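>
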Amino acid sequence: KCFFGPRCRFLHDVGAYVAAKPPDLGRSCVLFETFGRCAYGVTCRFAGAHLGDGYRNIINADLAKQWEGRTLVRNNLSKELQQQLRKKKFSFRKAEEYLRSLAKPCSNGGKGGKALGRSAEDREASNCTAPEDGVGDAPECPVRPEEGGDPKAAPLQGPVPAEDEGGGPIQTAGPVTDEDIVKLRSCEKKKLEIQGKLYLAPLTTCGNLPFRRICKRFGADVTCGEMAVCTNLLQGQSSEWALLKRHHTEDVFGVQLEGAFPDTMTKCAELLNQTIDVDFVDINVGCPIDLVYKKGGGCALMTRSNKFEQIVRGMNAVLDVPLTVKIRTGVQEKINVAHKIIPRIREWGASMVTVLG
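At position 215 of the sequence shown the residue is numbered 215 (UniProt numbering), and the sequence of numbers has no breaks.
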């Protein structure tokens, strides 16, 4: 029954609709042959392959059961997350902690944003390879009982409860895990092992999901999404989040971010780290578009070394996956500076650097 009655402008007779419909484009429907059902039903341009008596949609139960519960495309933007971003209710705890450390003055008189001296990432890296002599002498590194130590001799120190702006402890829900207490060290992060694999470079306006699926059929091993602007992602724009979608056939997949400032890039990295499934995150420092360059992003970051360093260190601090950087050979014509920047990017914590000619 149609509630609009005679005022409705659409057909209600399926037979009349099929008679007025253009002829089918073919005899087989790819969706029906692949998934056992076609969601378009009678409106499909290949409807003859899956319409039965009375124009009812046929379902291949055996084939449809194989795909039951499987997600074909991941990294979708939910309505709940979109509302949290638009109302600024999403928590950026790690990013805000890092940004506060940039504002703290250093002992040498400069600001923390200059990133002078030894960074936290460097200290963590040294801890990964430090000898085990004198471990019991350090009060900040207690020995756990399962590692052979005496629990009475060195009791584990619980984390100091965080306080909100009002001065009271922040209320948490659910069980407390090691991830809530112990910060992930750089040596414990997932490694990006793509040696000998074919890497499909991120292509703006071209490297969309259908294109990457075709390249996977032709032998691409590693794929990366199109360049996504971090400010648009933080605003919850559906068109920008569509660039982060990942097909289930993409084994090793990464996303590429573009931004000009440490606050937006670090917050966006933490957002993606908590909400989507990726194997690595890439920073676009090679885009020459005027709209991006004039705002300080893209290849303009190669001339803003302080901001560039803060972005790489901040994103590496909040990510649990490897961080990669794409740069150009240089910003000005016939003046190459990539060979000078690459060693510094490695010190900042990036796992891989790709160079665009």
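For glycine and all other residues, C-beta sits at the position ideal for the given N, C-alpha and C. Only a predicted model underlies this, so the values are computations on that prediction, with no experimental measurement involved.
Output the distance between the C-alpha atoms of T303 and A260, rounded to the nearest integer angstrom.
Here residue 303 corresponds to residue number 303 of the sequence shown, with the count starting at 1. Here residue 260 corresponds to residue number 260 of the sequence shown, with the count starting at 1. Their backbone Cα atoms lie some 12 Å apart in a straight line.
> Measuring alpha carbon to alpha carbon, tell me which residue in C44, Q84, A338, G349 is nearest K191.
The sequence position of residue 191 within the sequence shown is 191, counting from 1. Ranking the options by Cα distance to K191, first place goes to G349.
> Do the stretch 87-97 and the stretch 50-65 meet, that is, are 3 or more Cβ pairs less than 8 Å apart?
The answer is no - the stretch 50-65 does not touch the stretch 87-97, with fewer than three Cβ pairs under 8 Å.
> Report the partner residues of C29 according to the DSSP bridge assignment.
Position 29 of the sequence shown holds residue 29. DSSP, once it has assigned bridges, lists no residue as partnering C29.
> What I want to know is whether the C-beta of Q66 ends up closer than 7 Å to one or more non-hydrogen atoms of the ligand PLP.
Annotation note on the ligand PLP: not contained in the displayed structure, which lists no ligands.
> Please name the residue, chosen from D221, A220, W241, that lies closest to C230 on a Cα-to-Cα basis.
Against the sequence shown, residue 230 aligns to sequence position 230. Ranking D221, A220, W241 by Cα distance to C230 puts W241 first.
> Out of C206, Q256, D263, K79, which one is the CA nearest neighbour of T354?
Here residue 354 refers to the residue found at position 354 when the sequence shown is read from its first residue. Closest option to T354, Cα to Cα, is Q256.
> Is the beta carbon of Y98 closer than 8 Å to that of A317?
One-based indexing of the sequence shown puts residue 317 at position 317. One-based indexing of the sequence shown puts residue 98 at position 98. In this structure, Y98 lies closer than 8 Å to A317 by Cβ.
> Restricting to Cα atoms, I'd like to know which of A39, F35, C44, V18 is closest to R27.
Working through the sequence shown from its first residue, we reach residue 27 at position 27. The candidate whose alpha carbon is nearest that of R27 is C44.
> Assuming M265 contacts G298 (C-beta within less than 8 Å), just tell me the rounded distance between them.
Along the sequence shown, one-based indexing puts residue 265 at 265. Along the sequence shown, one-based indexing puts residue 298 at 298. Their Cβ separation, rounded to whole angstroms, is 13 Å, which puts M265 and G298 out of contact at 8 Å.
> Does the beta-carbon distance from L271 to L234 come in below 8 Å?
On the sequence shown, residue 271 is found 271 positions in, with the first residue counted as 1. On the sequence shown, residue 234 is found 234 positions in, with the first residue counted as 1. Yes, Cβ-Cβ distance for L271 and L234 is below 8 Å.
> Would you call G136 buried or exposed, if buried means 16 or more other Cβ atoms sit within 10 Å of its Cβ?
Counting from 1 along the sequence shown, the entry for residue 136 is found at position 136. Confidence in G136 is poor, its pLDDT being 39 and thus under 50, which makes the residue's placement unreliable; the coordinate value appears in the next sentence. Exposed is the call here.
> Sorted by chain position, which residues of the same chain lie with C-beta nearer than 8 Å to L356's C-beta, five sequence neighbours on each side aside?
Indexing the sequence shown from 1 puts residue 356 at position 356. Only G286, K326, I327, R328, T329 meet the Cβ criterion.
> What residues are listed by DSSP as bridge partners for Y98?
The count along the sequence shown starts at 1 and reaches residue 98 at position 98. BP columns for Y98 are empty, so no partner.
> Decide yes or no for the touch test of the stretch 213-231 against the stretch 241-252: beta carbon pairs closer than 8 Å, at least 3 of them.
Yes, the stretch 213-231 is in contact with the stretch 241-252.
> Given a cut-off of 8 Å, decide if P262 and I311 are closer than it, judged by their beta-carbon atoms.
Stepping through the sequence shown from its first residue, residue 311 is reached at position 311. Stepping through the sequence shown from its first residue, residue 262 is reached at position 262. Going by C-beta atoms, I311 is nearer than 8 Å to P262.
> Nearest CA to the CA of Y55: which residue from K294, T204, L200, V14?
For the purposes of this step, residue 55 is taken as the residue at position 55 of the sequence shown. Per the Cα distances, V14.
> Roughly how many whole angstroms lie between the Cα atoms of P210 and L203?
The residue you call residue 210 lines up with position 210 of the sequence shown. The residue you call residue 203 lines up with position 203 of the sequence shown. Near 13 Å, if we compare the C-alpha coordinates of L203 and P210.
> Return the chain-ordered list of same chain residues with a C-beta closer than 6 Å to the C-beta of C215, the five sequence neighbours on each side being excluded.
Walking along the sequence shown from the start, residue 215 turns up at place 215. Answer for C215: L200, listed in chain order.
> Buried or exposed: which applies to A19, given that a residue is buried once 16 or more other Cβ atoms fall within 10 Å of its Cβ?
For this step, residue 19 is matched to residue 19 along the sequence shown. Looking at its Cβ environment, which holds fewer than 16 other Cβ atoms inside 10 Å, A19 is exposed.
> Based on DSSP bridge pairs, tell me the residues matched to E258.
Working through the sequence shown from its first residue, we reach residue 258 at position 258. Beta-bridge pairing links E258 to V229.
> Within the continuous beta strand (DSSP E) that includes N284, where are the two ends?
Numbered from 1 along the sequence shown, position 284 holds the residue referred to as residue 284. Here the beta strand (DSSP E) through N284 covers 280-285.
> Return yes when the Cβ of C38 is within less than 8 Å of the Cβ of N57, no when it is not.
In the sequence shown, the residue the question calls residue 57 occupies position 57. In the sequence shown, the residue the question calls residue 38 occupies position 38. Cβ distance < 8 Å, so N57 and C38 count as in contact.
> Take R70 and list the residues in its own chain whose beta-carbon comes closer than 8 Å to its own, dropping the five residues that flank it on each side.
Counted from its first residue, the sequence shown places residue 70 at position 70. Cβ within range, chain order: H248.
> Which one or two residues does DSSP pair with Y199 in a beta bridge?
In the sequence shown, residue 199 corresponds to position 199, counting from 1. Bridge partners of Y199: V222.
> Using the three-state DSSP reduction, which class does H339 fall into: helix, strand or coil?
Reading the sequence shown from its first residue, position 339 is the one you call residue 339. Of the three classes helix, strand and coil, the one that applies to H339 here is helix, per DSSP.
> So, using beta-carbon positions, are R246 and N75 closer together than 8 Å?
The residue you call residue 246 lines up with position 246 of the sequence shown. The residue you call residue 75 lines up with position 75 of the sequence shown. Contact: yes.
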